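Worksheet for the structure shown next.
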Amino acid sequence: MNAQQNDEETPLLQRPEQPMAKTPLPWDQIWILLLLEMPELLSSRTLAPFIPQLIRDIGVTHGDESQVGHYAGILQSSYYAAHTLTIFYWSQLSDHIGRKPVILTALLAISISMFSFGLSKTFFALVVSRVVCGAFDASDSMAKSMLMDITDATNMPKACSYLPIPGTIAGAVGPLIGGSLSRPADRFPDIFGRSELLKTYPYLLPCSISAFFILTIWLVTYIRLKESVPTKTPLWELIKGGFFGQEPRQPLSNVIVDPDEAKSKPLPLRALLTSKVLSVTASYATTGLFQMGFNSVLPVFYATPIELGGLSLDPPRIGTLLAASSVIHGIFQLLFYTRLIDCFGARAIHITGVSSGIPMVILFPVANALARAYGIGMAVWLCVVVQLMLKTILSMCFPCMVLFIRAAAPNRASLGATNGIAQVAVAVARIIGPASASSVFSYSLQKGHDAWSIYYFFTAIVFLAVGTALSLPRDPSVWEDSQ
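For the sequence shown, the positions run 1 to 483 when full-length UniProt numbering is used.
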């Protein structure tokens, strides 16, 4: 009797903690969401290997090799400039009308913009194509919002461990398409040498292949994807009520979330700007600033002549390296991400990832110095491999951010808008990152300027990203338990 009484009086926090059962993943929807992670990355990675050569071909640099990186940064940032202006509204709109209509619109826009890019003959037309893609592309953000909708704290880390699978495929296939199939009439004259279309538009073939693949994803999404928002408002009612007014929302059938969530309503922007959301947003933005700056400089560094500070690699080699990097990243995260999260917590993984940026930056001048001294040999390739391995560690930061965004949301009905706030911040960082990093890289290549300017720039961003990460809790569940 005493034993029973003592047990009943023991505080719950002092009893042995029982392991929480993990909810099974809804694979009938997860595999579609994984497909939706591919279009944005596939489109950008397809373009990356040949953009430096394309900029030379259209003559916008007037033969000044040091300006290639500058214009490449502008082209990449134009996508994120348009993305920044629209992504929050797409995300907030999805909380009202549902995720699926927004996703279908995004996929169609990406396909059209890829065709347009391949048919462009001026730098202005290239920028317009990327602006259209950025303005309508909400597929990646919507996929993450839907992932938050259909998972909980027990199974979301496992779901996030599968996110690199589509990234691996898109990151491997995209550079191979762009690097191998650009200028096909010159590279494969026996097959494409008689095509006047491909001679006139030498980059249309890789853009078209990516566009057709994205249209296939559109068809799969239209047929198989279920809506994850439990109630929705007709678009016309939103327009009459001021677009984002809080009108009565009509219940949907065949939804895949807890019906208890239907009682909550999307919150206005001001109510979303909590300290938790701002902390996650700051960390996400600074990490994205470094990653996008690094990714924009990396292919330009590979393509830049050795005497100017690069490695003098051609587009096929650049595409192969970027593809190999994506494969390594995907395999590593699939095998180890969940285990690392369970052992060390999301914040530790995130801080380790952004800290890996320091040796990544140092390897730029080391690789070039070795190439100057000994040519492109074993030592240079070793530096390249180590740098790409460190890039894999950096990439693990972003699934950690998904966990923190979900935990920081004030309620489940505002997941889309909360994710939209984070996406806006990281999109701003991705505007600044490629343009500024590419411009600083071009500046450092010019005579009379400090060649190490780009490396100082990257190092400062890494320290900023580490500083913002310190405000995050060890594990996202700390925030979820406090709500």
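Ideal Cβ placement from N, Cα and C applies to all residues, glycine included.
Bear in mind the structure is a predicted one, so any value in this text is a computation, not a measurement.
*For Met38, which residues of its own chain have a beta-carbon under 6 Å away from its beta-carbon, when the five flanking residues on both sides are left out?*
Pro166, Ala170
*Indicate whether the contact test is met: 3 or more Cβ pairs, each with one atom in the stretch 50 to 66 and one in the stretch 276 to 296, closer than 8 Å.*
no
*With a cut-off of 8 Å, do at least 3 Cβ pairs link the stretch 431 to 442 to the stretch 287 to 305?*
yes
_Taking the alpha carbon of Thr105 as the reference point, which residue from Gly134, Tyr80, Tyr79, Ser78 has its own alpha carbon closest?_
Gly134
*Pair every Cβ in the stretch 69 to 84 with every Cβ in the stretch 390 to 409, then say whether three or more of these pairs are closer than 8 Å.*
no
_Going by beta-carbon coordinates alone, are Tyr203 and Leu54 separated by less than 7 Å?_
yes
*For Ile431, count neighbouring C-beta atoms within 10 Å of its own C-beta (all shown protein chains included) and say buried if the count is 16 or more, exposed if not.*
buried
*asked:* Please report the distance separating the alpha-carbon of Ser44 from that of Arg130.
replied: 10 Å
*Contacting residues, own chain, Cβ-Cβ under 7 Å from Leu107 (five flanking each side not counted)*: Pro39, Ser139, Ile214, Ile217, Trp218, Thr221
*asked:* To the nearest angstrom, how far is the alpha carbon of Thr23 from that of Leu147?
replied: 14 Å
*Assign Tyr79 to buried or exposed, taking buried as 16 or more other Cβ atoms, counted over all protein chains shown, within 10 Å of its Cβ.*
buried
*asked:* My output table needs one value for Tyr203: the three-state DSSP class, helix, strand or coil.
replied: coil
*Under the assumption that Val424 contacts Phe88 (Cβ atoms under 8 Å), give the Cβ distance between them as a whole number of angstroms.*
5 Å
*Thr154 to Phe188, Cα distance in whole Å?*
51 Å
_Could you give the first and the last residue of the continuous alpha helix (DSSP H) run that contains Lys226?_
Careful: Lys226 lies outside any alpha helix (DSSP H) and carries neither H nor E.
*In terms of residues, what are the limits of the alpha helix (DSSP H) holding His329?*
315 to 344
*asked:* Helix, strand or coil, according to DSSP, for Gly245 in the structure here?
replied: With a pLDDT of 44 at Gly245, under the threshold of 50, the predicted position of this residue should be treated as unreliable, and no value is reported.
*Shortest alpha-carbon distance to Pro175 belongs to which of Met156, Arg194, Ile209?*
Ile209
*Is Arg249 buried or exposed, if buried means 16 or more other CB atoms sit within 10 Å of its CB?*
At Arg249, the pLDDT of 45 sits below 50, so the modelled position is not reliable; the number obtained from the coordinates is stated separately. By the 10 Å Cβ count, Arg249 comes out buried.
*asked:* Taking the alpha helix (DSSP H) that Lys276 belongs to, which residues open and close that run?
replied: 275 to 303
_Would Pro315 and Gly179 qualify as a contact pair, given that the criterion is a beta-carbon distance under 7 Å?_
yes
*asked:* Given this structure, state the Cα-to-Cα distance separating Lys263 from Ile318, to the nearest angstrom.
replied: Legend: pLDDT at Lys263 = 46, less than 50; position of this residue unreliable, value from coordinates given subsequently. So the alpha carbons of these two residues sit roughly 51 Å apart.
*Identify, in the order they occur along the chain, each residue of the same chain with its Cβ nearer than 6 Å to the Cβ of Val127, setting aside the five sequence neighbours on each side.*
Ser78
*Is it true that the CB of Ser325 sits closer than 7 Å to the CB of Leu388?*
yes
*With burial defined as no fewer than 16 other Cβ atoms inside 10 Å of the residue's Cβ, what is the status of Phe458: buried or exposed?*
buried
*When DSSP labels each residue in this structure, what does Pro476 get in the three-state scheme?*
coil
*Distance, Cα to Cα, Val68 vs Leu308?*
12 Å
*asked:* Which of the three DSSP states is assigned to Arg56 in this structure?
replied: helix
*asked:* Please return the same chain residues whose Cβ sits closer than 7 Å to the Cβ of Thr384, not counting the five positions on each side in sequence.
replied: Note that residue 384 corresponds to Val in the displayed sequence, not to Thr. Counting only Cβ-Cβ distances below 7 Å, and skipping sequence neighbours, we find Leu321, Ala367.
*Alpha carbon to alpha carbon, what distance is there between Ala465 and Ala422?*
15 Å
_C-alpha gap between Leu184 and Leu198, whole angstroms_ = Sequence inspection shows Pro at residue 184; the Leu mentioned does not correspond to that position. Distance between the alpha carbons of Pro184 and Leu198 is about 7 Å.
*In its own chain, which residues sit with a C-beta less than 6 Å from the C-beta of Leu181, not counting the 5 before and 5 after it?*
Leu205, Pro206
*When the Cα of Val327 is compared with those of Lys391, Ile191, Ser355, Arg347, which residue comes out closest?*
Lys391
*Taking the C-alpha atoms as reference points, what is the distance between Leu267 and Ala323?*
41 Å
*Between which two residues does the alpha helix (DSSP H) harbouring Ser111 extend?*
99 to 118
*Taking C-alpha atoms, which residue in Tyr455, Met360, Pro157 lies nearest to Ile405?*
Pro157
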